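Since the structure comes first, as structure tokens, the remarks are kept for the end.
4 protein chains.
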Amino acid sequence: MEALTSFSDASLHEIRRDLHAHAEAGWKEFRTTALLAAELEELGYEVHLGANAVDPSERMGVPSDDEVAAARERALNEGTPAAYVERMDDITGAVAIKRFGDGPTIGVRTDIDALERQEAMDDDHRPAREGFASVHPGEMHACGHDAHATIGLGVARTFAQEGFDGTLKLFFQPAEEGGRGGKPMSESGHLDDLDHLLAVHVGLDEPIGTVVSSYDAPLANAKVDVTFSGEPAHAGGEPNAGRNALQAAAAAIGNLYGIARHGDGRTRINVGRVSADNAQNVICEEATMRVEVRGSTHDLNEYMLGRAREVIDGAATMHDVDYGTELYGKTTTFENDESVIERVEAAAEATDAVDEVIRTEFGGSEDASYLIRRVQESGGTATYLGIGASNPSGHHTAYFDIDETAIDIGVDVITEAIRRLNPSSSVD
Amino acid sequence: MEALTSFSDASLHEIRRDLHAHAEAGWKEFRTTALLAAELEELGYEVHLGANAVDPSERMGVPSDDEVAAARERALNEGTPAAYVERMDDITGAVAIKRFGDGPTIGVRTDIDALERQEAMDDDHRPAREGFASVHPGEMHACGHDAHATIGLGVARTFAQEGFDGTLKLFFQPAEEGGRGGKPMSESGHLDDLDHLLAVHVGLDEPIGTVVSSYDAPLANAKVDVTFSGEPAHAGGEPNAGRNALQAAAAAIGNLYGIARHGDGRTRINVGRVSADNAQNVICEEATMRVEVRGSTHDLNEYMLGRAREVIDGAATMHDVDYGTELYGKTTTFENDESVIERVEAAAEATDAVDEVIRTEFGGSEDASYLIRRVQESGGTATYLGIGASNPSGHHTAYFDIDETAIDIGVDVITEAIRRLNPSSSVD
Amino acid sequence: MEALTSFSDASLHEIRRDLHAHAEAGWKEFRTTALLAAELEELGYEVHLGANAVDPSERMGVPSDDEVAAARERALNEGTPAAYVERMDDITGAVAIKRFGDGPTIGVRTDIDALERQEAMDDDHRPAREGFASVHPGEMHACGHDAHATIGLGVARTFAQEGFDGTLKLFFQPAEEGGRGGKPMSESGHLDDLDHLLAVHVGLDEPIGTVVSSYDAPLANAKVDVTFSGEPAHAGGEPNAGRNALQAAAAAIGNLYGIARHGDGRTRINVGRVSADNAQNVICEEATMRVEVRGSTHDLNEYMLGRAREVIDGAATMHDVDYGTELYGKTTTFENDESVIERVEAAAEATDAVDEVIRTEFGGSEDASYLIRRVQESGGTATYLGIGASNPSGHHTAYFDIDETAIDIGVDVITEAIRRLNPSSSVD
Amino acid sequence: MEALTSFSDASLHEIRRDLHAHAEAGWKEFRTTALLAAELEELGYEVHLGANAVDPSERMGVPSDDEVAAARERALNEGTPAAYVERMDDITGAVAIKRFGDGPTIGVRTDIDALERQEAMDDDHRPAREGFASVHPGEMHACGHDAHATIGLGVARTFAQEGFDGTLKLFFQPAEEGGRGGKPMSESGHLDDLDHLLAVHVGLDEPIGTVVSSYDAPLANAKVDVTFSGEPAHAGGEPNAGRNALQAAAAAIGNLYGIARHGDGRTRINVGRVSADNAQNVICEEATMRVEVRGSTHDLNEYMLGRAREVIDGAATMHDVDYGTELYGKTTTFENDESVIERVEAAAEATDAVDEVIRTEFGGSEDASYLIRRVQESGGTATYLGIGASNPSGHHTAYFDIDETAIDIGVDVITEAIRRLNPSSSVD
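If you read the sequences in order, they're chains B, F, S and C.
Residue numbers are given in UniProt numbering: position 27 of the first sequence equals residue 27, and the series is strictly consecutive.
Residue numbers are given in UniProt numbering: position 338 of the second sequence equals residue 338, and the series is strictly consecutive.
Residue numbers are given in UniProt numbering: position 74 of the third sequence equals residue 74, and the series is strictly consecutive.
Residue numbers are given in UniProt numbering: position 89 of the fourth sequence equals residue 89, and the series is strictly consecutive.
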């Protein structure tokens, strides 16, 4: 499908498909950010980009400079407006603000990044069949963030037209996958004066017509990249001369899974990726791995993270190798506020296309947690809500897709909830 | 450098540089085999190719069909004579035979494959500086097999011109790296009637002018590819639903290195490569590794291989995963025969360019071992000889190169040794 | 303190101290069983002993024949009535039954075994100070079962005197520690016709005056003894000749702790004891370990047990050793019945010495679970209740003791609850 | 058998049987040392005991004070002369010196300790059958040191009677098993002026009549005791609160065996003993293990020891536990001197009962290495010689015994060799 160069004349469904077709993974969302920013400014919003939208020093899991540069060039080659790319200064994500009246300041958080995975390209998959599958090999909107960004824009359009008695702040958060962008956006300063925050997710394996007014209690999560560095040696001639990074990694893996369960609640540990690559006759001088820990509370997650660091440190000592760790991403826990949940429920019940309103819990993790906590710590309230989308295949799979009606429902429920969060509202 | 399409008018030094520039890794030596075969037939040798040169059922570590096909197409695109490629039937390597007289049947074994590694491309490296570095990314003659093949051809040319009282058999062995081609060539049937065999290696960190009349006692070696196959699962939601291939691999690695040392002599174990690749939040469903064992005798190598298989089997059981193993390559041990060594020494001493003759031992492994053993088991005698080449950098490194005079010395010493192995020779 | 040879003229407090002083660990309770049986028969109860009290084929974690014989001889030497010891036929534990009227059949389960640990012998510990610390080195009533048995006898005395409209069954269960005696007693057949069952525990770190009407939701538990058997060898001369049982044990331990957490709830794994004993220069031919798994449901416990067996099997395969496993003990989960809980609460509130009635959950495991489940499966109801005893030191520690008033409260609450469980009771 | 209280009137064979019957393990040889010392002083030798015989600060693997005291009391109870025990000041071992003439100073080293193992007590074992099996449970002369000490005394008796032109020094070394006493005796100062040293071993699986003139090239060896110390915790309630010493030990064991083999020669690693002892439901707070490393050179042994320390350190870090290590024993390598070997060979050939003289190599380790090296470093020469004894069962086994003729052969060969080491000797 032909890439849009502006969203001005496009419908929300067209925009969602355009974003789907040009999926950009975390910290590579140049085109997505720029096109959203251009449209938002056109709608009258004040748009903050780059270091004005996320705190650069808090960014985690940022790809190499070369990868970021390649993503930027790709976006420009696809017709992305260069002025916006320039303003971003290689930092994706946007915050859009507009004061419509004296009432409360209300935020809407939508994430915008794609996953690093290949989309299915056969006719069983509607995006492929109808020509809007991702043209970027190895990048795919397999978690619905294309719809999220579109919903955020839909809310912007609605209020640009209708107004409301308050200030609207739209957070288009980058790099949610892996929990890399939530913390830096939460430190941007833009959250601190919010009275209320709504975050939204589509899909959740719920049917279209179902709204989740409170989707909470995720596991806190941390992801750490580890590199063990030793010395190579000929495995036949003088194996002793090596410092075996792979032995260290194997010892670490074996013992990471063995970190003691915790009496206070759920904990998790996983090593998702390991790589060491030499000929068979060379003692491995480098081994990398990607580790993830979780806990049902912040403290349990910190317990796992602390113990994991000890295991990694000990494994390196054991095999006389050096190591480095880098935090790839991190999320925390949150609980939604009853008062906001109830407004969402009222809004959902008032929406024609909604036939069921439920509350559920997260199985996984979310870095909206940092934004929600920031708002709550500053005295505001929040909920994370879900919009059923009859997704035909699970999140993160190659065949993930949504019923696009979910976008309309999302915009309607959120705009209605925002109106109802206004104390001067007559529709409580 | 422009690829030759025939070796007829080329000098040995030119041929070596042409082979160096078009390095082909194991089981991909289509161009090398074809050009050598064409020239050998032109010289009057009977050339056996494909299944007539190596026993297909004994081949180890053969790349995938796609990789082999790509190598074949590359060779054709570089102007390799198609008729020879066709005769090979996707099996590289060649045996060339010519009967010159009634005397003994004498073999010369040279290997022809390159390594899977990138060649240095800067001016510190003569092949790069003088324009004959490998044009095949990731493939490089870093072990001197380009010189070996050239020496074999040089011997063929010398006797085609001068003749001698006996039969000459030239073995251009594929896939020596990893020990994959020696066994299948040893089973070709062409070794069984040899009276004597000479195998040759250049370099060995010896200076030009030094000849090693006996280079023996290598470690026996076996390389095994292992794949553990489990089930993926979400590491946060239901880690129990996974069958963790990476945990199995880590347990295997930890315990492979712990296989008991042996009272009878040297043993070795190494895992050179491991790969498992998932997102951090997915229990690994597949992990692969490349294992190598060695022993200073065949039995010690078998002890290590047998114990390694037990460890791998147990690791899979532990973590309830399936596994498969494939023998990637294998070598055995050998000892050279004193009678042949002495003829080589006499020949070397009779060669002007030679100023020192020594005997040394292997640090590593060699699949010429299978050819040498085959000859010895059939009643013949053999030696593995070395030609110093003042190599500026170690074998298998990106800067490996040779003093090309070694090619001339190699041809001279081997042809002279062959003459002296003839009992009717007057030059003993 | 001088050992009693009959309980006839002793007060409950004297009996508790006598039992405390002659602590007998699991399956060694010869004296305890015999003295209780003699007294119960004197009170008019029909007493079942040996195979009539527990199903011998279901017994777990039974000490060796030599150890059992030594315990039997010790009991006889301490003046235990030989006739009762003979009737036991080396199987400890007793069931006492008396029909007082036509009303319901109600059971009381108390356990009678001591722990295998040394009691504190200094004056900070009242049993030592006042002369009733255990005279059996390495055996101690550190979990209050001396009080439990006494409470059971107290209930028997009360009803022998007062009667009630129903049948009373008293279960004096052996070998609760480790979860070894509950299953075999539950299979005795005596549980199947119970209308209600009350099980009791003292202490629980609650103050005297507190009664726990429902103490439930324990973790299911299984304990397994493992022996790895290999071959010894001289570690210097021919380490290869060994089959290293210790390496197998170490691999097992490392990987047991690494069994994946379960998405459905709490799981636990521990290795409490390991032993391998050779000179430093001998490859270990035998290693033993004691493993424990738990789960918050029966299925989770079975998941852990099944996975633990796979890990052990794989570890043995890895190191080419044999192994055997033996189930040392096992418990399951249970939930108390609301109707019985409420009767206990009413009874407790009616007891002067009780000032607080609460409900709590188990942190650990209990093999009363099998008796409770058996009753519930047969259509009866049950609760596991607790009697606060202001224990000065935690359960299983060397300084564990109780406020003996808890015995009186226990008898009072249980007898009152039994009366209230009688539908013809006027005190509901 | 009745214990001797003096060796004065006893034959060598009687003395050997008396020592055999009262086997004393390393650093417990109170009776052995005292009776030898008394007899040596009676023969006119100057006897050094306690800190005058071994350097106390260099002692390794010394039992606890309680164990040493118990051994001392046992010796006294067996009638050992108290004056000698007092002079020893709890340090076993003796050096006896006598100057007979102006010639060279020649040393004879014999070790005196027993093994910590139970002797066979059935009639298949001659010491049991004939009534001189060890009366000390768990201690046995299973390596022939009873014969060694006797040979040393025999040499003393011979020269006391016959004299020779030189000075004789007899080293009765304690605690050879485990390599604990050689180093401290080598630092006593008594070795430094030796011209020649003869050390002797009986058995070696050689038949009676065979003498080994040079028994050398042992593996260097180090033994280390390791204790991991963590924190206990209830494995069900709060496993996280523990610091698991057993997990640390298991990780250490797994990785100790995986220390890389060395290109320069033989290395060895073993863990002979592990102990952790808790109930199944307690996270282990303490685990101990006994580790041994070896190398065919001093440097290789140090390589193993250094790497083992890193593995242990890393294992402790991994599981957040503390640890301590203590060197239990240590030996080094040595080579015998040709000149001394030849004198021994001449002496053996001159001995009637000798029918074969050979040279062999050690499979194991010996702490005579320190004495031999000390002599060689001071300019002297040495050999370690062996006396075949037709031992019916291997060294260190419960059925080890010797043909006692070996004692006579030992005395004869050594005294004759000493005479021949005298340059003024006429019997060269």
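For glycine and all other residues, C-beta sits at the position ideal for the given N, C-alpha and C.
For clarity, every value in this text was computed on a predicted model and none was experimentally measured.
From which residue to which residue does the beta strand (DSSP E) around glutamate 48/C run?
In the fourth sequence, the residue the question calls residue 48/C occupies position 48. Glutamate is not the amino acid found at residue 48/C; the sequence shown has histidine there. Note, histidine 48/C: beta strand (DSSP E), 46 to 49.
Distance, proline 63/C Cα to threonine 105/C Cα
Translated into the one-based positions of the fourth sequence, residue 105/C becomes position 105. Translated into the one-based positions of the fourth sequence, residue 63/C becomes position 63. The straight-line gap from Cα to Cα measures roughly 34 Å.
My parser needs the alpha helix (DSSP H) runs of 4 or more residues fully inside the segment 56 to 115 of chain C; what are they?
65 to 77, 82 to 88
Using Cβ-Cβ distances below 7 Å, what residues of the segment 361 to 384 of chain F are close to chain B?
Gly363, Gly364, Ser365
Among Gly179/F, Glu302/F, Thr80/F, Asn281/F, which has the Cα closest to the Cα of aspartate 111/F?
In the second sequence, the residue the question calls residue 111/F occupies position 111. Residue Gly179/F is the option with its Cα nearest to aspartate 111/F.
By Cβ distance, which residues of its chain are closer than 6 Å to threonine 150/B, with the 5 residues on each side in sequence left out?
For the purposes of this step, residue 150/B is identified with residue 150 of the first sequence, where counting begins at 1. For threonine 150/B, where only same-chain residues beyond five positions count, the Cβ hits under 6 Å are Leu12, Ile15, Arg16, Ile407.
Looking at the structure shown, is aspartate 216/B part of a helix, part of a strand, or coil, going by DSSP?
Against the first sequence, residue 216/B aligns to sequence position 216. Aspartate 216/B sits in a strand when the DSSP states are folded into three classes.
Considering only residues of the same chain and omitting the five flanking positions on each side of glycine 236/F, which have a CB-CB separation below 8 Å?
Residue mapping note: residue 236/F aligns to position 236 of the second sequence, counting from 1. Only Asn281 meet the Cβ criterion.
Glycine 254/B vs glycine 258/F beta-carbon contact at 9 Å:
Counted from its first residue, the first sequence places residue 254/B at position 254. Counted from its first residue, the second sequence places residue 258/F at position 258. No; because the gap between Cβ atoms is not below 9 Å, this pair is not in contact.
Quick check on methionine 289/B - is its C-beta less than 9 Å from some C-beta in chain C?
By one-based count along the first sequence, residue 289/B stands at place 289. Taking Cβ atoms only, chain C never reaches closer than 9 Å to methionine 289/B, which makes this a no.
Can you confirm whether aspartate 322/B, when its beta carbon is compared against all beta carbons of chain C, has any partner nearer than 9 Å?
Residue 322/B sits at position 322 when you count from the first residue of the first sequence. Chain C contact via Cβ: absent.
If you draw a straight line from the alpha carbon of threonine 332/B to that of lysine 223/B, how long is it in whole angstroms?
Here residue 332/B refers to the residue found at position 332 of the first sequence. Here residue 223/B refers to the residue found at position 223 of the first sequence. Rounded to the nearest whole angstrom, the CA to CA distance from threonine 332/B to lysine 223/B is 12 Å.
Please check if any C-beta of chain S sits within less than 9 Å of the C-beta of histidine 196/C.
Here residue 196/C corresponds to residue number 196 of the fourth sequence, with the count starting at 1. Histidine 196/C does not count as touching chain S.
Give a yes or no on whether the minimum CB-CB distance between threonine 317/C and chain B is below 9 Å.
Residue 317/C sits at position 317 when you count from the first residue of the fourth sequence. Cβ-Cβ to chain B under 9 Å: yes for threonine 317/C.
Through-space distance from alanine 249/C to proline 137/S, alpha-carbon basis
By 1-based counting over the third sequence, the position of residue 137/S is 137. By 1-based counting over the fourth sequence, the position of residue 249/C is 249. In a straight line, the C-alpha of proline 137/S is about 30 Å away from that of alanine 249/C.
What does DSSP give as the partner residue(s) for isoleucine 387/B in the beta ladder?
Position 387 of the first sequence, counting from 1, holds the residue named residue 387/B. The partner list for isoleucine 387/B (beta bridge, DSSP) reads Val202/B, Val211/B.
Have a look at isoleucine 372/C and serine 188/C and give me their C-alpha separation to the nearest angstrom.
As a first step, residue 372/C is located in the fourth sequence; it is residue number 372 there, counting from the start. As a first step, residue 188/C is located in the fourth sequence; it is residue number 188 there, counting from the start. Cα to Cα, the separation comes out at about 13 Å.
For glutamate 292/S, three-class secondary structure by DSSP
Here residue 292/S refers to the residue found at position 292 of the third sequence. Three-state result, glutamate 292/S: strand.
Whose CA, out of Tyr384/F, Arg419/F, Pro423/F, Thr415/F, lies closest to the CA of valine 202/F?
The residue labelled residue 202/F in the question sits at position 202 within the second sequence. Of the candidates Tyr384/F, Arg419/F, Pro423/F, Thr415/F, Tyr384/F places its Cα closest to the Cα of valine 202/F.
Going along chain F in order, which residues have a C-beta closer than 9 Å to the C-beta of glycine 237/S?
Position 237 of the third sequence holds residue 237/S. Per Cβ cutoff of 9 Å: Gly263.
Three-pair Cβ contact test at 8 Å for the segment 204 to 211 of chain B versus the segment 166 to 174 of chain B
The segment 204 to 211 of chain B is not in contact with the segment 166 to 174 of chain B.
Taking 8 Å as the cut-off, does the CB of valine 321/F come closer than this to any heavy atom belonging to the ligand MN?
As far as ligands go, the structure on display features none, and thus does not contain the ligand MN.
Would a C-beta distance cut-off of 9 Å place valine 321/F and valine 413/F closer than the cut-off?
For the purposes of this step, residue 321/F is identified with residue 321 of the second sequence, where counting begins at 1. For the purposes of this step, residue 413/F is identified with residue 413 of the second sequence, where counting begins at 1. Going by C-beta atoms, valine 321/F is not nearer than 9 Å to valine 413/F.
Which term fits glutamine 161/F, buried or exposed, when burial requires 16 or more other beta carbons within 10 angstroms of its beta carbon?
For the purposes of this step, residue 161/F is identified with residue 161 of the second sequence, where counting begins at 1. The C-beta of glutamine 161/F has fewer than 16 other C-beta atoms within 10 Å across all chains shown, which makes the residue exposed.
Can a CB atom of chain F be found closer than 9 Å to the CB of tyrosine 303/C?
Within the fourth sequence, the letter at position 303 stands for residue 303/C. Closer than 9 Å: no.
Let's see if you can read the secondary structure: which residues bound the beta strand (DSSP E) around residue 443/B?
Outside the shown range of chain B, which is 1 to 428, sits residue 443/B, and nothing can be said about it.
Any idea what DSSP makes of valine 311/F, helix, strand or coil?
As a working note, residue 311/F is residue 311 in the second sequence. In this structure, valine 311/F counts as helix in the three-state DSSP scheme.
Using CA atoms only, rank isn't needed, just tell me which of Glu116/C, Arg109/C, Ala417/C, Glu29/C is closest to aspartate 277/S.
Within the third sequence, numbered from 1, the residue matching residue 277/S stands at position 277. Of the listed residues, the one whose Cα sits closest to aspartate 277/S is Glu116/C.
Within 10 angstroms of its Cβ, does serine 134/B collect 16 or more other Cβ (buried), or is it exposed?
Position 134 of the first sequence holds residue 134/B. Taking all protein chains shown into account, serine 134/B has 16 or more neighbouring C-beta atoms within 10 Å of its C-beta and is therefore buried.
CA nearest to the CA of alanine 53/F, picked from Val68/F, Arg87/F, Gly230/F, Leu219/F
Here residue 53/F is taken as the residue at index 53 of the second sequence, counted from 1. Of Val68/F, Arg87/F, Gly230/F, Leu219/F, the residue nearest in Cα terms is Arg87/F.
Check each candidate in Arg273/B, Glu285/B, Ala260/B and name the one with the smallest Cα separation from arginine 271/F.
Numbered from its first residue, the second sequence carries residue 271/F at position 271. Residue identity differs from the one stated: residue 271/F is valine in this sequence, not arginine. Nearest of Arg273/B, Glu285/B, Ala260/B to valine 271/F, Cα basis: Glu285/B.
Below 9 Å between beta carbons: does that hold for leucine 40/S and leucine 170/S?
Against the third sequence, residue 40/S aligns to sequence position 40. Against the third sequence, residue 170/S aligns to sequence position 170. Yes. Within cutoff.
Just the Cα atoms here: how many angstroms apart are glutamate 73/B and threonine 92/B?
Numbered from 1 along the first sequence, position 73 holds the residue referred to as residue 73/B. Numbered from 1 along the first sequence, position 92 holds the residue referred to as residue 92/B. One C-alpha to the other measures close to 14 Å.
Should arginine 99/S be labelled buried (16 or more other beta-carbon atoms within 10 Å of its own) or exposed?
Counted from its first residue, the third sequence places residue 99/S at position 99. That one is exposed.
For arginine 307/C versus alanine 252/C, is the C-beta spacing smaller than 9 Å?
Against the fourth sequence, residue 307/C aligns to sequence position 307. Against the fourth sequence, residue 252/C aligns to sequence position 252. No, Cβ-Cβ distance for arginine 307/C and alanine 252/C is not below 9 Å.
Look at glutamine 173/S and aspartate 367/S and say whether their C-beta atoms are less than 9 Å apart.
Within the third sequence, numbered from 1, the residue matching residue 173/S stands at position 173. Within the third sequence, numbered from 1, the residue matching residue 367/S stands at position 367. Cβ atoms of glutamine 173/S and aspartate 367/S: closer than 9 Å.
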